[in-house]
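Everything on this sheet refers to the single structure shown next.
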Amino acid sequence: MPQSLAGLRFPHERIFLPRTKLAYVHLKNLLTDAKRERAARVFGYVAIWLPDELVLLYLQEGELVSATTLDPEGAMVIPIADAIEKVPAEPEYGEICFHEADDEQLACMHYAHVVGEEPWPAELNPVDADSLFPYLLATTFDGTVEVTLDGNVNYLILRDGLVERAFCSSVHFGELEEKLEALFRPDSRTARMGVRRFPVPPPVPRQAPPALILAYRELVNGLVRELVGLGKESAPVIAEMARQSLVATHAPLGSFTAMDRLVHDPIAGIDELTDAVGAWVTEVLWAAADMDGGPERLLRKLTHERRHMFQSAGFFDRLPWQM
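Just add 1345 to the spot in the sequence shown (first one is 1) and you have my numbering.
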C-alpha cells in the first residue's frame, strides 16, 4: 500500500468515534461498551494509528474477533491480546477511530492484510481505467480490487469481471458508475494511486477470545500443579513432552507451555484451540491414570469456576470422560 500510514482512511457507514487523539480514549472501555451496549453491537472496525504502525481491530456484532497490523514492512494478522497491548496505558502519541462497516468490507480489509496481492500483467497499467476494466472483464475476474487514492482506501467487489459493489472512502455520493468515474478520474489533481487485486475474501476468521486462551492456560498449569501435589513429580516434563508430540497436528499448542513461561497468544479459532487443549489435557491425564477418583474428579475441581465458559467452547465434548 503506497500511502503513508498516518494518512490512511477506510470506508465506513456510521461514525461512533471520529478520529481523535489516542490519549483521550480508553481503549478497553471502548471495546467493553461496544460489546455491552445494544446500539453499539455492530459490524465495524477500530483503527489505531501509532507512531510506526496502524492497528486494525475487527468487530462483529460488537465482539472483537480479529486484529491486523500494518507497518512500512507489510501487514499481518496478530493475536487480539497483542494488538491491545500495543496501545500504551498512557499514550502520548497516536490517534483512534471507531467506525461501522459492512461485514463484506471487513472481509476485504482483513484479507488484504493476510494474503499477497495477485500480480498484474507486465503490460497492464492498473491505474488506467480504460485498460483495467476491459482486462478484468476479459478475464472474468472474481475478487476484490483495492484502490488507494491519496490515503483513501476503496474496495471494488467484482464477479465475472464486473463491479457489483463498491466500498469507497474517496467518493461518498452517486451511483456505482459515478463513483468509479470519480475514483479513477479525480478532478485534474495529481493523485498518488495504488491499485491491487485479491481473490474473493472469506469471512473474517474469528480468533478465540483472550479470556478463553487465558482460561486454558490456567487450566493446564493448574493441572500440572495438582499432579505434582499428588506425587507426580514428573508432571511438568510429561506435560511438556505431550505438548511437543501434539504440536505438529495441533498448531495452537505452539503458543502454550507447561512451565508457566510467558508466550504470545495463538492465532486460532475457538474450535481449533479447544481441540488442541482437549487433546493435550487428555494425553497428560492418561499418563497419570493411577490417581484416586480418576481424571473426572480432578477435572471437575479444576474447571468448576469457569465451567460455563468451557462448556460453551465445547471443551468437555473433547474429553473421553463423562463430565
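We put the beta carbon where it would ideally sit given N, CA and C, even for glycine.
Since this is a predicted model, take the numbers as computed values, not measurements.
- [ ] Determine the extent of the beta strand (DSSP E) in which T1413 is found, giving its start and end residues.
- [x] The sequence position of residue 1413 within the sequence shown is 68, counting from 1. Element bounds for T1413: 1408-1416.
- [ ] Please state whether DSSP places R1534 in a helix, a strand or coil.
- [x] Numbered from its first residue, the sequence shown carries residue 1534 at position 189. At R1534 the pLDDT is 47, less than 50, meaning the model places this residue with poor confidence; the figure from the coordinates comes in the next sentence. In the three-state DSSP reduction, R1534 falls in the coil class, being neither helix nor strand.
- [ ] State the Cα-Cα distance for the pair M1604 and V1582, rounded to the nearest angstrom.
- [x] Position 259 of the sequence shown holds residue 1604. Position 237 of the sequence shown holds residue 1582. One C-alpha to the other measures close to 9 Å.
Task: Buried or exposed (CB count within 10 angstroms, at least 16 for buried), K1366 - done: The residue labelled residue 1366 in the question sits at position 21 within the sequence shown. Its Cβ having fewer than 16 others within 10 Å, K1366 is exposed.
- [ ] Please classify P1308: does DSSP put it in a helix, a strand, or coil?
- [x] As displayed, the chain neither begins before 1346 nor continues past 1668, which places residue 1308 out of reach and without an answer.
Task: Where I1360 falls: helix, strand or coil (DSSP) - done: Start at 1 with the first residue of the sequence shown, and residue 1360 comes out as number 15. Looking at I1360 - three-state DSSP - the assignment turns out to be strand.
Task: CB-CB length for A1446 against G1389, believed under 8 Å - done: The residue given as residue 1446 occupies position 101 in the sequence shown. The residue given as residue 1389 occupies position 44 in the sequence shown. The Cβ separation is near 5 Å, so the contact holds.
Open item on the list: Helix, strand or coil for M1346? Go by DSSP, reduced to three states.
Closed with: The residue you call residue 1346 lines up with position 1 of the sequence shown. Unreliable placement is indicated for M1346, whose pLDDT of 41 sits below 50; no coordinate value is reported for it.
Open item on the list: One question on the structure: do D1620 and R1663 come within less than 9 Å of each other, judged by their Cβ atoms?
Closed with: Your numbering for residue 1620 matches position 275 in the sequence shown. Your numbering for residue 1663 matches position 318 in the sequence shown. Yes, they are a contact pair.
Task: C-alpha gap between G1496 and L1353, whole angstroms - done: Position 151 of the sequence shown, counted from the first residue, corresponds to residue 1496. Position 8 of the sequence shown, counted from the first residue, corresponds to residue 1353. Those two C-alpha atoms are separated by around 4 Å.
Task: Whether P1554 touches L1376 by CB criterion (9 Å) - done: For this step, residue 1554 is matched to residue 209 along the sequence shown. For this step, residue 1376 is matched to residue 31 along the sequence shown. Contact: no.
Task: Nearest candidate by alpha-carbon position, reference P1424, set S1514, P1597, T1484, L1630 - done: In the sequence shown, counting from the first residue as 1, residue 1424 sits at position 79. Of the listed residues, the one whose Cα sits closest to P1424 is P1597.
- [ ] Report the partner residues of L1404 according to the DSSP bridge assignment.
- [x] Start at 1 with the first residue of the sequence shown, and residue 1404 comes out as number 59. DSSP, once it has assigned bridges, lists G1389, L1409 as partnering L1404.
Open item on the list: Using 8 Å as the cut-off, can you tell me whether the segment 1404-1423 makes contact with the segment 1466-1475, which would need three or more C-beta pairs spanning the two stretches below that distance?
Closed with: Judged by pairs of C-beta atoms under 8 Å, the segment 1404-1423 does not touch the segment 1466-1475, as fewer than three such pairs exist.
- [ ] Give a yes or no on whether the C-beta atoms belonging to P1546 and E1463 are separated by under 9 Å.
- [x] For the purposes of this step, residue 1546 is identified with residue 201 of the sequence shown, where counting begins at 1. For the purposes of this step, residue 1463 is identified with residue 118 of the sequence shown, where counting begins at 1. It is not a contact, given that the beta carbons lie outside the stated cut-off.
Task: 9 Å Cβ cutoff met for L1402 and A1420 - done: Within the sequence shown, the letter at position 57 stands for residue 1402. Within the sequence shown, the letter at position 75 stands for residue 1420. Not a contact, by the Cβ cut-off of 9 Å.
TODO: Could you have a look at M1668 and say whether DSSP puts it in helix, strand or coil?
DONE: Reading the sequence shown from its first residue, position 323 is the one you call residue 1668. Looking at M1668 - three-state DSSP - the assignment turns out to be coil, as it is neither helix nor strand.
Open item on the list: So, at 6 Å on beta carbons, what are the nonlocal neighbours of L1372 in its own chain, with the 5 sequence-adjacent residues on each side left out?
Closed with: For this step, residue 1372 is matched to residue 27 along the sequence shown. The residues are V1432.
Task: DSSP three-state assignment for K1373, whether helix, strand or coil - done: As a working note, residue 1373 is residue 28 in the sequence shown. DSSP places K1373 in helix when its eight states are reduced to three.
- [ ] For F1518, count neighbouring C-beta atoms within 10 Å of its own C-beta (all shown protein chains included) and say buried if the count is 16 or more, exposed if not.
- [x] Position 173 of the sequence shown holds residue 1518. So F1518 ends up on the exposed side.
Task: Closest residue to Y1500 among T1485, Y1480, L1525, A1483 (Cα-Cα distance) - done: On the sequence shown, position 155 is the one that residue 1500 refers to. Cα-wise, what sits closest to Y1500 is L1525.
Open item on the list: Tell me the residue span of the beta strand (DSSP E) that contains G1288.
Closed with: Residue 1288 is absent from the model: the chain starts at 1346 and stops at 1668.
TODO: Return yes when the Cβ of R1542 is within less than 9 Å of the Cβ of F1478, no when it is not.
DONE: Reading the sequence shown from its first residue, position 133 is the one you call residue 1478. Reading the sequence shown from its first residue, position 197 is the one you call residue 1542. No, these two residues do not count as a Cβ contact at 9 Å.
- [ ] Report the three-state DSSP secondary structure of W1465 (helix, strand or coil).
- [x] For the purposes of this step, residue 1465 is identified with residue 120 of the sequence shown, where counting begins at 1. Looking at W1465 - three-state DSSP - the assignment turns out to be coil, as it is neither helix nor strand.
TODO: Just the C-alpha distance for Y1672 and A1351, rounded to the nearest angstrom, thanks.
DONE: The chain is shown only over 1346 to 1668; residue 1672 falls outside these bounds and no answer can be derived.
Open item on the list: Would you call the segment 1588-1597 in contact with the segment 1621-1630, where contact means no fewer than 3 C-beta pairs closer than 8 Å?
Closed with: yes
Task: Coarse secondary structure for M1421, derived from DSSP in three states - done: Along the sequence shown, one-based indexing puts residue 1421 at 76. Reduced to three states, the DSSP call for M1421 is strand.
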